[in-house]
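Report on the structure given below.
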Amino acid sequence: GQQLNQSPQSMFIQEGEDVSMNCTSSSIFNTWLWYKQDPGEGPVLLIALYKAGELTSNGRLTAQFGITRKDSFLNISASIPSDVGIYFCAGLPSGTYKYIFGTGTRLKVLA
Amino acid sequence: DGGITQSPKYLFRKEGQNVTLSCEQNLNHDAMYWYRQDPGQGLRLIYYSQIVNDFQKGDIAEGYSVSREKKESFPLTVTSAQKNPTAFYLCASSTRQGISGNTIYFGEGSWLTVV
């Protein structure tokens, strides 16, 4: 099945640094979702975006729905050790129930 | 608490055996999904259901079966025809497309191992 192009695949950062990751697609989406998944657990929804250009924050997290509706980014400010995990995006093409998922960004925070 | 409950968390299957993973949601969502996640890979759709008594195959449905007799329940059976079933399985649900705020939520996952 189709997958989103998510980058970077992995990141090693120092505690306190800001993090940025993004997803791009060749298709237009009407919803972008960002999740965090810890090993052996289900993904937890971080931010949901429903309109092109929308910018939404959740604590230290900020995500934006790209104007072209083909991309989205997630920023994490002032990273802390518990930010460690896999972050992935999901997009929902118009007129379908079939979400398309990114392959994930593995984040490691060095104290 | 509202959410999606998967059981069991860990399941071991012998060769030639069918096993069923349970998924229950109390979010009053119409749509439910089953995904498979293999190490280092993205989520792959097995089956999805938009309404009760209706479901569609996803990208990797071979060797799996589902039923949707109740809105809140969407069990997945891994049959003996699935030759490589060892994986992490995720159940999810969402509101129906067309309703604003369409968002997919996941259960905590079930590990299936073939022994």
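Protein chains in written order, with my numbering: chain E, 1 to 111; chain A, 1001 to 1115.
Positions of the beta carbon are idealized from the N, C-alpha and C atoms, including for glycine.
- Less than 8 Å separates the beta-carbon of E:Gly16 from that of E:Ser79.
- For A:Phe1106, the neighbours in chain E by C-beta distance under 7 Å run, in chain order, Gly42 and Pro43.
- E:Gly91: member of the beta strand (DSSP E) spanning Gly85 to Pro93, first to last residue.
- Taking 8 Å as the cut-off, the beta carbon of A:Ala1092 is found closer than this to the beta carbon of A:Gly1107.
- Setting aside the 5 residues that flank it on each side, A:Thr1086 is surrounded in the same chain by Leu1112, Thr1113 and Val1114, each with a C-beta closer than 7 Å to its C-beta; the list follows chain order.
- If one requires a minimum length of 3 residues, the beta strand (DSSP E) runs lying completely within the segment 24 to 56 of chain E are 29 to 37 and 44 to 49, in chain order.
- At a beta-carbon threshold of 8 Å, the residues of chain E lying near A:Ala1031 are Tyr97, ordered along the chain.
- Judged by DSSP secondary structure, E:Asn75 falls within the beta strand (DSSP E) whose first and last residues are Asp71 to Ile76.
- E:Leu55 has its alpha-carbon roughly 32 Å from the corresponding atom of A:Asp1038.
- Interface flag for E:Leu92 against chain A is set, since a Cβ pair is found closer than 8 Å.
- In the structure shown, E:Ser82 adopts helical secondary structure according to DSSP, grouped into three states.
- For A:Leu1021, the nearest beta carbon of chain E is not closer than 8 Å to its own beta carbon.
- Per the coordinates, the alpha-carbon of A:Leu1043 lies some 30 Å from the alpha-carbon of E:Ala111.
- In the same chain as E:Phe73, and ignoring 5 residues on each side of it, the C-beta atoms closer than 8 Å to its own belong to Ser20, Met21, Asn22, Cys23, Ala63, Gln64 and Gly66, in chain order.
- For A:Phe1106, DSSP records a beta bridge to A:Ala1092.
- Rounded to the nearest angstrom, the gap between the Cα atoms of E:Ser25 and A:Arg1013 is 37 Å.
- A direct Cα-to-Cα measurement between E:Asp18 and E:Ser57 gives close to 14 Å.
- Within the same chain, Cβ atoms closer than 6 Å to the Cβ of E:Tyr99 are found at Ala90 and Leu92, the five residues on either side in sequence being excluded.
- A:Gln1050 carries a strand assignment under DSSP once its states are collapsed to helix, strand and coil.
- Cβ atoms of A:Ala1061 and A:Tyr1047 come within 8 Å of each other, at about 6 Å.
- Per DSSP, the beta-bridge partners of A:Tyr1064 are A:Val1078.
- When the five nearest sequence neighbours on each side are left out, the beta carbons in the same chain lying within less than 8 Å of the beta carbon of A:Lys1070 are those of Val1052, in order along the chain.
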